[in-house]
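This report refers to the structure that appears directly beneath it.
Residue numbers (this note's numbering), protein chains in the order written: chain A, 2 to 386; chain B, 29 to 325.
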């Protein structure tokens, strides 16, 4: 029977990670972050129209870190259907791990001219707490950037998923987790600098941190990491693993009765998502120059979900766009009318929920918009694409 | 089939050799008690003829007994129809078999060695029990092809699926299934766009992709046209023998088509959580208790 069927035609083509246009986009993005921005910022003189200010570079770098968190959110929310309102914790944990290393790099150049970080001197501590034992080692702290959020997510996820906590209940306990962690980090005796957190960084790997070249190096690393994360996420959602995740989102019981153990799948993507957030946080801290418990406020975690929703869930590129749109708007609004920003954010979220369930990307793929652009709409709406 | 037979043969031989080599002490020749077959953990054993064995299963929700000391056994290769009024416990029975609900009391065995009450849903599915839900449950945002691909018998681990590649043989298998369930022309369609009847067929196809030994089908023809119902009956009859099927259905015409008036084919009537009557369709329909339950008193 099978001999007469044109079977290869039935199988979807999966030979390449991205289409031609996709690879072109990635190449352009790579060229922008690794070539064009550095030239425009460092080589083009300040008076020129093509000059990119340090402020703009720092803003884009910051948003790229947010975009990584939004991308991580898309994997767990958009594809697996698990809304986390605690991703800010993983972001902050990565940031704190990096911050501890940067604090040690200050050495004796702090306000008190002491070998210990200022806040410890202020608290009259004579020696480092146990969790600062490895903070002088860059490699150890970079391992912590991955391990701290990864381990917390693994343990939290294991118990939550094993108890089959789902939907809004899961969202609520993630929110409770971020709140509890925030309170913990606010306390002086936990050794994370209390409400001031870590700031006033001087060096990274012995190199002064505030120089244009260092700033640009961090920018390029951040940009390349974001692009790398995007390609990795593309590979994941294009694999059978990614299709199982979507299957869990659509009908978890069917997944179970098909013989898959949803716990393992959810735990794997949840932990990966947390680690991505941690790395984003670690890149964020040296560029922004501060990390404090405000990154762990419940609102900060909710914002990550808003970026993903505004950009378009389950599209991967959408949350990246969403992070840029929302944070771009935020930097404009907080400059001109700071008191209205939260209203604008709320309105944006409501508008997207009501009118644009597919977010910005969903709008761009809408048949009528495509017709307006003179393209033929796709035959069927493939939400899985 | 052949590699399995060869392995079983090798096992028997090794066992015999071990026995011969064992020191001859005592009247039993050093042998321990044996039941002539070698039990392989996790392997389905249907030598006693039964593929599913429910014994004294009781499930209660807040005092209400959804299943009340239900006992039943399904033979290997049998097609068993189960009927019963609403609330008779048909779906709860399936929940117990597939591990979704834990009974308060009773035993539930798959073959004579696999204790289903000790296993989780996904383990039960992997052991060879496929279940179709009352409401067709497919992965709505995936294509028909991808739905079948996920159901395909393969390693269910995370790493295995991350690096999974379809082989030619697997592709052929999916292709054959698409023909069997009449969805070949819809392979690339999103499953959510299918009609109700087509979703039912897709779900049945997904079950068959797993290569199960026992199929539990909860109202498989609900929402199907007459023609689709007829084709479904044909499909089930073709599976009978090589698979065991348990069909829960309200549609008496469908039950008729499945039993074909064959008195050897049993129909079980459930009522208030236990078996009210069991026998050929004609016997059951003539049963006074059944008539009373169905027509009211």
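No residue lacks a Cβ here, since even glycine has one placed at the ideal position from N, Cα and C. Nothing here was measured: the structure is a model prediction, and the numbers come from that model.
Span of the alpha helix (DSSP H), counted from its first residue to its last, around residue i
i: residue 225 (chain B); result: 224 to 237
i: residue 42 (chain B); result: 30 to 49
i: residue 64 (chain A); result: 55 to 74
i: residue 84 (chain B); result: Per DSSP, residue 84 (chain B) belongs to no alpha helix (DSSP H); it is in the beta strand (DSSP E), 78 to 89.
i: residue 208 (chain B); result: 196 to 208
i: residue 246 (chain B); result: Note, residue 246 (chain B): premise wrong, no alpha helix (DSSP H); beta strand (DSSP E) at 242 to 246.
i: residue 178 (chain B); result: 172 to 179
i: residue 183 (chain B); result: Careful: residue 183 (chain B) lies outside any alpha helix (DSSP H) and carries neither H nor E.
Near the ligand ADP: residue i beta-carbon under 6 Å from a heavy atom
i: residue 20 (chain A); result: Because no ligand of any kind appears in the structure shown, any question about the ligand ADP cannot be addressed here.
Where the beta strand (DSSP E) containing residue i begins and where it ends
i: residue 273 (chain B); result: 272 to 276
i: residue 137 (chain B); result: 133 to 138
i: residue 161 (chain B); result: Here residue 161 (chain B) belongs to no beta strand (DSSP E), and DSSP marks it neither H nor E.
i: residue 96 (chain B); result: 92 to 103
i: residue 296 (chain B); result: 295 to 299
i: residue 107 (chain B); result: 107 to 111
i: residue 302 (chain B); result: 302 to 307
Residue of the options minimising C-alpha distance to residue i
i: residue 148 (chain A); options: A:275, A:345 and A:343; result: A:275
i: residue 100 (chain A); options: A:150, A:289, A:199 and A:21; result: A:199
i: residue 38 (chain A); options: A:25, A:62, A:23 and A:24; result: A:62
i: residue 157 (chain A); options: A:52, A:20, A:60 and A:177; result: A:177
i: residue 95 (chain B); options: B:262, B:254 and B:121; result: B:121
i: residue 19 (chain A); options: A:280, A:344 and A:232; result: A:232
i: residue 296 (chain B); options: B:38, B:186 and B:107; result: B:107
i: residue 260 (chain A); options: B:181, B:230 and B:212; result: B:181
i: residue 153 (chain A); options: A:68, A:272 and A:341; result: A:272
i: residue 164 (chain A); options: A:222, A:268 and A:227; result: A:268
i: residue 71 (chain B); options: B:154, B:44 and B:116; result: B:154
i: residue 1 (chain A); options: A:125, A:107 and A:74; result: Summary: the structure shown does not reach residue 1 (chain A), with chain A confined to residues 2 through 386, and so no result is reported for it.
i: residue 239 (chain B); options: B:158, B:142 and B:253; result: B:158
i: residue 166 (chain B); options: A:245, A:24 and A:351; result: A:245
i: residue 204 (chain A); options: A:239, A:188, A:194 and A:137; result: A:137
i: residue 155 (chain A); options: A:347, A:328, A:266 and A:372; result: A:266
i: residue 42 (chain A); options: A:348, A:185 and A:218; result: A:218
i: residue 127 (chain B); options: B:113, B:109 and B:149; result: B:149
i: residue 327 (chain A); options: A:343, A:46 and A:208; result: A:343
Proximal residues to residue i (C-beta, below 6 Å), its chain only, five neighbours per side dropped
i: residue 145 (chain A); result: 98
i: residue 81 (chain B); result: 101 and 137
i: residue 316 (chain A); result: 362
i: residue 215 (chain B); result: 172, 173 and 206
Chain-order list of residues whose beta-carbon lies under 7 Å from that of residue i (same chain, five-residue window excluded)
i: residue 317 (chain B); result: 304 and 305
i: residue 96 (chain A); result: 282, 283, 285, 286, 292 and 296
i: residue 360 (chain A); result: 310, 311, 312, 313, 314, 319, 323 and 353
i: residue 257 (chain A); result: 263
i: residue 380 (chain A); result: Residue confidence is low: residue 380 (chain A) scores 43 on pLDDT, short of 50, so the model does not pin down where it sits. Its coordinate-derived value is still stated next. Here the set comprises nothing.
i: residue 150 (chain A); result: 91, 94, 95, 275, 276, 278 and 279
i: residue 139 (chain A); result: 102 and 206
i: residue 341 (chain A); result: 334
i: residue 123 (chain B); result: 129
i: residue 270 (chain A); result: 76, 77, 81 and 246
Local Cβ density within 10 Å of residue i, reported as buried at 16 or more and exposed below that
i: residue 76 (chain A); result: buried
i: residue 250 (chain A); result: buried
i: residue 144 (chain B); result: buried
i: residue 212 (chain A); result: exposed
i: residue 190 (chain A); result: exposed
i: residue 277 (chain A); result: buried
i: residue 252 (chain A); result: buried
i: residue 55 (chain A); result: exposed
i: residue 132 (chain A); result: exposed
i: residue 22 (chain A); result: exposed
i: residue 169 (chain B); result: buried
i: residue 133 (chain B); result: exposed
i: residue 40 (chain B); result: exposed
Neighbourhood of residue i by C-beta distance below 8 Å, restricted to the same chain and skipping five residues each side
i: residue 135 (chain A); result: 141, 142 and 145
i: residue 257 (chain B); result: 249, 279, 281, 282 and 285
i: residue 119 (chain B); result: 162, 246 and 276
i: residue 140 (chain B); result: 73, 74, 75, 76, 78 and 81
i: residue 86 (chain A); result: 172, 173, 175, 176, 179, 299, 302, 303 and 306
i: residue 211 (chain B); result: 172, 222, 226, 229, 230 and 233
i: residue 228 (chain A); result: 27, 30, 31 and 34
i: residue 84 (chain B); result: 97, 98, 99, 133, 134 and 135
Query raised in the report: Taking the runs of the alpha helix (DSSP H) that are 4 residues or longer, which of them lie wholly in the region 239 to 267 of chain A?
Result: Scanning the region 239 to 267 of chain A for uninterrupted alpha helix (DSSP H) segments of 4 residues or longer gives 241 to 251 and 253 to 258, listed from N- to C-terminal end.
Requested in this report: Go through the region 278 to 327 of chain A residue by residue and report every complete run of the alpha helix (DSSP H) that reaches 4 residues or more, in order.
Outcome: 299 to 312
Report task. Report the residue ranges of all alpha helix (DSSP H) runs contained in full by the region 152 to 228 of chain A; include only those spanning at least 4 residues, in chain order. Result -> 168 to 187
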